[in-house]
Amino acid sequence: MSMTHTVAHLEDLAPGTVMGIEVEGVEIALARDTDGTVHALGDLCTHRSVNLSDGDVEDGALECWKHGSQFDLRTGVPRQLPAHVATPVYPVTIDQASGAISVSLDPIELS
Numbered sequence: 015m016s017m018t019h020t021v022a023h024l025e026d027l028a029p030g031t032v033m034g035i036e037v038e039g040v041e042i043a044l045a046r047d048t049d050g051t052v053h054a055l056g057d058l059c060t061h062r063s064v065n066l067s068d069g070d071v072e073d074g075a076l077e078c079w080k081h082g083s084q085f086d087l088r089t090g091v092p093r094q095l096p097a098h099v100a101t102p103v104y105p106v107t108i109d110q111a112s113g114a115i116s117v118s119l120d121p122i123e124l125s
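With this note's numbering, you'll find the sequence shown wraps up at 125, consecutive numbering, no jumps.
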């Protein structure tokens, strides 16, 4: 298991928002769903390599601003074309006492 990196705090990421971060050279879209759950996905759309962190969070998905591809926040799998390749999803932990959000750079393996 790889080391986790503290990247933000819950107060920095309101429900329904996304922010771009970089951890050890890896670009990550840190998104907070409308239910408050925090997710970390690769920040590049697999369709045209634009930043997903410039998009919108809606209905459990991160929507690319360029052509409307939607990626499931839990799995990174596209829900809406034109993208057809998943983006990586990274493990997130929240320190309940401090609200610190940490990310591991080991992508979650989906079966």
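A virtual CB, placed ideally from N, CA and C, is assigned to each residue, including glycine.
Residue i classed as buried or exposed, judged by whether at least 16 other C-beta atoms fall within 10 angstroms
i	result
Leu87	buried
Leu66	buried
Gly90	buried
Arg62	exposed
Leu95	exposed
Gln110	exposed
Same chain, Cβ closer than 6 Å to residue i, neighbours up to 5 away in sequence not counted
i	result
Thr60	Ala97, Val99 and Thr101
His53	Ala45 and Leu87
Ile42	Ile35, Ala54 and Asp57
Those residues which DSSP pairs with residue i across a bridge
i	result
His23	Ala114
Val99	Val99 pairs with nothing; no bridge assigned.
Residue i - DSSP class collapsed to helix/strand/coil
i	result
Ile122	coil
Gly30	coil
Beta-carbon contacts of residue i that lie in its chain and below 7 Å, excluding the five residues immediately before and after
i	result
Val40	Leu119
Gly69	Val32, Leu76, Glu77, Cys78 and Trp79
Spatial neighbours of residue i in its chain, beta-carbon cut-off 8 Å, leaving aside the 5 residues before and after
i	result
His23	Ser112, Gly113, Ala114 and Ile115
ask   = Can you list the beta strand (DSSP E) stretches of 3 or more residues lying completely in the stretch 37–92, in chain order?
value = As far as the stretch 37–92 is concerned, its whole beta strand (DSSP E) runs of at least 3 residues are 40–46, 52–56, 70–72, 75–77 and 84–86.
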